[in-house]
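K.L.:
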Amino acid sequence: MAKDGPLLMLRITWLTNWTSISMRVSNEYFDGMSLTYASDEQEIPLIITAQDPTLSLSQWASNNRDKINHLLSTYGAILFRNFDVNSSTAFERFVEQVSGSALRYTERSSPRKQVEGNIYTSTEQPKEESIFLHSEQSYNNQFPLKLFFYCAQAAEQGGETPIADARDILASLPASVVEEFQRRKYRYARYFWPMMGMTWQKVFQTEDPQVVENYCKQNDIEYQWMPDGALKTHQIRATVASHPDSGDRCWFNHCTFFNVSTLAPHTQEILLGSFAEDELPNNTYYGDGSKIPDDVLDTLRAAYEDNKKEFTWQTGDVLMLDNLLMTHGRNPFSGDRKVLVAMSQTGHWQELEAKP
Numbered sequence: 002m003a004k005d006g007p008l009l010m011l012r013i014t015w016l017t018n019w020t021s022i023s024m025r026v027s028n029e030y031f032d033g034m035s036l037t038y039a040s041d042e043q044e045i046p047l048i049i050t051a052q053d054p055t056l057s058l059s060q061w062a063s064n065n066r067d068k069i070n071h072l073l074s075t076y077g078a079i080l081f082r083n084f085d086v087n088s089s090t091a092f093e094r095f096v097e098q099v100s101g102s103a104l105r106y107t108e109r110s111s112p113r114k115q116v117e118g119n120i121y122t123s124t125e126q127p128k129e130e131s132i133f134l135h136s137e138q139s140y141n142n143q144f145p146l147k148l149f150f151y152c153a154q155a156a157e158q159g160g161e162t163p164i165a166d167a168r169d170i171l172a173s174l175p176a177s178v179v180e181e182f183q184r185r186k187y188r189y190a191r192y193f194w195p196m197m198g199m200t201w202q203k204v205f206q207t208e209d210p211q212v213v214e215n216y217c218k219q220n221d222i223e224y225q226w227m228p229d230g231a232l233k234t235h236q237i238r239a240t241v242a243s244h245p246d247s248g249d250r251c252w253f254n255h256c257t258f259f260n261v262s263t264l265a266p267h268t269q270e271i272l273l274g275s276f277a278e279d280e281l282p283n284n285t286y287y288g289d290g291s292k293i294p295d296d297v298l299d300t301l302r303a304a305y306e307d308n309k310k311e312f313t314w315q316t317g318d319v320l321m322l323d324n325l326l327m328t329h330g331r332n333p334f335s336g337d338r339k340v341l342v343a344m345s346q347t348g349h350w351q352e353l354e355a356k357p
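When we follow the working numbering, the leftmost residue of the sequence shown carries the number 2, and every step to the right adds one.
(1) Could you tell me the alpha carbon to alpha carbon distance between ALA39 and VAL342, rounded to whole angstroms?
(2) Return the residue from the list LEU232, ASN332, GLN219 and SER74 that minimises the CA-CA distance to LEU123.
(3) Among residues of its own chain, excluding the 5 on either side of THR300, which ones have a beta-carbon nearer than 8 Å to its beta-carbon?
(4) Could you check the C-alpha separation between GLY348 and ILE271 for me, to the nearest Å?
(5) Is the Cβ-Cβ distance between ILE69 and VAL99 less than 7 Å?
(6) Decide if LYS114 is buried, meaning its Cβ has at least 16 other Cβ atoms within 10 Å, or exposed.
(7) Entirely within the stretch 247-317 and at least 4 residues each: give me those alpha helix (DSSP H) ranges in chain order.
(8) By Cβ distance, which residues of its chain are closer than 6 Å to THR37, with the 5 residues on each side in sequence left out?
(9) With DSSP as the reference, label ASP169 as helix, strand or coil.
(10) Bridge partners for ILE45 per DSSP, in chain order?
(11) Excluding the 5 residues preceding and the 5 following GLN346 in the sequence, name in chain order all residues of the same chain whose CB lies nearer than 7 Å to its CB.
(12) Could you check where the beta strand (DSSP E) with TYR216 kicks off and where it finishes?
(13) Please report the residue range of the alpha helix (DSSP H) in which GLU180 lies.
(14) If you draw a straight line from the C-alpha of HIS255 to the C-alpha of SER262, how long is it?
(15) Bridge partners for THR37 per DSSP, in chain order?
(16) How many whole angstroms separate the CB atoms of TYR151 and VAL340, which I take to be in contact at a CB cut-off of 8 Å?
(17) Keeping to the same chain, check which residues put their C-beta closer than 6 Å to that of PRO7; ignore five residues upstream and five downstream.
(18) Just mark ARG184 as buried or exposed, buried being the case when its beta carbon has 16 or more other beta carbons within 10 Å.
(19) So ALA165 and LYS310 are supposed to be a Cβ contact under 8 Å. How far apart are they, rounded?
(20) Which residue or residues does DSSP assign as beta-bridge partners of ILE69?
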């Protein structure tokens, strides 16, 4: 074992493709804080609980920024609990203190409402639906490196935000599957219908087709305007990223999430009964446009599910994720639930794509 000062003991386990560092943290690492795991068997998220509930999270974070980010680079997920966070404004101040200004939500794929500044609702998807695990905006050329959730109101039941370590997902996949995707990449195809789902106006936040065309040209997106005013696009993206700090290889993509076969069976039936395959609102393929075999998609979904971890939200909780290291989703829920989201720090595929 190695020590980082008197406060941390590191246990290093070597795996095939990457190094997993499990840090046994001491409660002395932060004064006035309790550091715990979700359970003896589940080390993510790391839970930092304030002993004084009147302590401002943003003020505390401003004095402990380096330590927080050090822990995040190892665990990938930190849950802050029992701090004084009672508004979207206080949430945004914390984001700014620990990670810089929150980013604007661009090239959208999920229905969200802007609360204030660059703070948004996490999603407006119906409460009855599950949201599959994914890496935030990995389909963009530029994407957030850090992701934050603030639980303004916990659901009566359900509504968890499950997470899974993208390093573990990658390690769970057969080498042949990973090699095929790294060779061929994947294609994300979208069809923006005027009266259904996310319109191009909502996605690109403009009414001007020229602005959309300029954005597509600048971000390696092929586009085609249809006679009825609909927009058809596709973009080819990588599937494996290298973490900018550690170099850890991460399964970082929306290939599984946006494939029509990942949707609930009744939703698949409606969509496939209403649209031709090349007119579906979202779908994914290999980069050359050929279909991804069903058994490969089943393998991908299993890798996410097998590594999924859950915790129960409490009102006032704030979850901080390293977006490359940690995927996230949402469970169905009952009652009212309000979870806000913010993103920060920009990564670029051109710089972070992992080579085969």
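Ideal Cβ positions, reconstructed from N, Cα and C, are used throughout, including at glycine.
P.N.:
Walking through what the data contain:
(1) Within the sequence shown, the letter at position 38 stands for residue 39. Within the sequence shown, the letter at position 341 stands for residue 342. Going from the Cα of ALA39 to the Cα of VAL342 covers about 22 Å.
(2) As a working note, residue 123 is residue 122 in the sequence shown. Checking the sequence shown, residue 123 turns out to be Ser, not Leu. The option with the nearest alpha carbon to SER123 is ASN332.
(3) The residue given as residue 300 occupies position 299 in the sequence shown. Cβ within range, chain order: LEU174, PRO175 and VAL178.
(4) As a first step, residue 348 must be located in the sequence shown, where it is residue number 347. As a first step, residue 271 must be located in the sequence shown, where it is residue number 270. Computed Cα separation, rounded: 36 Å.
(5) On the sequence shown, position 68 is the one that residue 69 refers to. On the sequence shown, position 98 is the one that residue 99 refers to. Contact flag set, yes.
(6) Stepping through the sequence shown from its first residue, residue 114 is reached at position 113. Exposed, by the Cβ-count rule.
(7) 266-275 and 295-307
(8) One-based indexing of the sequence shown puts residue 37 at position 36. Correct list, in chain order: ILE48.
(9) Looking up residue 169 in the sequence shown gives position 168. Here ASP169 sits in helix by DSSP.
(10) Residue mapping note: residue 45 aligns to position 44 of the sequence shown, counting from 1. Bridge partners of ILE45: none, in fact.
(11) Taking the first residue of the sequence shown as position 1, residue 346 is located at position 345. Excluding positions up to five away in sequence, the list reads SER100, GLY101, PRO145, LEU146 and LYS147.
(12) As a working note, residue 216 is residue 215 in the sequence shown. From DSSP, TYR216 is part of no beta strand (DSSP E) but of the alpha helix (DSSP H) over 210-219.
(13) Position 179 of the sequence shown holds residue 180. 176-185 is the extent of the alpha helix (DSSP H) around GLU180.
(14) By 1-based counting over the sequence shown, the position of residue 255 is 254. By 1-based counting over the sequence shown, the position of residue 262 is 261. Cα-Cα distance, rounded: 13 Å.
(15) The residue given as residue 37 occupies position 36 in the sequence shown. ILE48.
(16) The residue given as residue 151 occupies position 150 in the sequence shown. The residue given as residue 340 occupies position 339 in the sequence shown. Sure, about 7 Å apart at Cβ, within 8 Å.
(17) To locate residue 7, count along the sequence shown from 1; it is residue 6. Confidence is the limiting factor: at PRO7 the pLDDT is only 29, short of 50, which leaves the residue's position unreliable, though a coordinate-based value still follows. Counting only Cβ-Cβ distances below 6 Å, and skipping sequence neighbours, we find nothing.
(18) Sequence index remark: in the sequence shown, residue 184 carries index 183 (1-based). Classification for ARG184: exposed.
(19) In the sequence shown, the residue the question calls residue 165 occupies position 164. In the sequence shown, the residue the question calls residue 310 occupies position 309. 7 Å between Cβ atoms; contact.
(20) In the sequence shown, counting from the first residue as 1, residue 69 sits at position 68. None, per the DSSP bridge assignment.
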